[in-house]
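Undergrad: Okay, handing you the structure first.
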Amino acid sequence: GDHIILMKCWFRSSKELADFIKTLKGIRGVTRVCPAIILEKIK
Numbered sequence: 007g008d009h010i011i012l013m014k015c016w017f018r019s020s021k022e023l024a025d026f027i028k029t030l031k032g033i034r035g036v037t038r039v040c041p042a043i044i045l046e047k048i049k
């Protein structure tokens, strides 16, 4: 079956985000990672 997992994460840099996505893709059984990136400037 198809399973969907939603997560909310914060990263200090785009490299941290890229490393995290790479880690997720390396997990056995994970077939696809589709990040939706929302940037919000906090005053």
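Numbered per our numbering, the sequence shown spans residues 7 to 49. Glycine residues also receive a C-beta, built at the ideal position from the N, C-alpha and C atoms. Computed from a predicted structure; not experimentally measured.
Measure the C-alpha to C-alpha separation of residue 37 and residue 29 and round it to an integer number of angstroms.
TA: 12 Å
Undergrad: Which value, in whole angstroms, describes the spacing of the CA atoms of residue 43 and residue 12?
TA: 12 Å
Undergrad: Please name the residue in 46, 27, 15 whose C-alpha comes closest to that of residue 40.
TA: 27
Undergrad: Would you kindly report the start and end of the unbroken alpha helix (DSSP H) that includes residue 22?
TA: 20-31
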